[in-house]
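Numbering (my numbering), first residue to last: 6 to 83. Take a look at the structure below.
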Amino acid sequence: MEGNIAELGKYIGVGLTAFGMGGAAIGVGTVAGNYLAGALRNPSAAASQTATLFIGMAFAEALGIFSFLVALLLMFAV
């Protein structure tokens, strides 16, 4: 019985980790998107904001991938 409870706790921790970091990725993507929506209302500023767009997308994507990797590490390494 002791091992089954520990195994269940590990899976709960993996789920919470993936949820928390996935939520952070969604938040970063929303912030970057809203920033660009506001900044690009001025068409003359559009050319200077493409780097910000790519950086925001990269952070959102990286946090999603990190959540997956941390969940896998918790599931199989711990």
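Here a beta-carbon is modelled for each residue, glycine too, at the ideal position from N, C-alpha and C.
I want to check one thing, is the minimum distance from the CB of residue i to the heavy atoms of the ligand MN below 7 angstroms?
i, result
"E66", "With respect to the ligand MN, the structure shown offers nothing to examine, as it has no ligands at all."
Pick out whichever of the options has its Cα sitting closest to the Cα of residue i.
i, options, result
"G25", "A63, A76 and R46", "A76"
"G32", "G61, F81, L78 and A82", "G61"
"A30", "A11, A67 and K15", "A67"
With a cut-off of 8 angstroms, does the C-beta of residue i fall near any C-beta of chain C?
i, result
"F24", "The structure shown contains no chain C; it holds only a single protein chain."
Please tell me whether residue i and residue j are closer than 8 angstroms, where the distance is taken between their beta carbons.
i, j, result
"T22", "S72", "yes"
"G27", "G69", "yes"
"L13", "L41", "no"
"G20", "A65", "no"
"G89", "L79", "The shown model of the chain, from 6 to 83, leaves out residue 89, and the question about it has no answer."
Rounded to whole angstroms, how far is the Cβ of residue i from the Cβ of residue j, which I believe are closer than 8 angstroms?
i, j, result
"A44", "A50", "6 angstroms"
Inset, instruction - Could you name each continuous alpha helix (DSSP H) segment of 4 residues or more that falls completely within the stretch 31-80, going from the start of the chain to the end? - result: Within the stretch 31-80, no complete alpha helix (DSSP H) segment of 4 residues or longer occurs.
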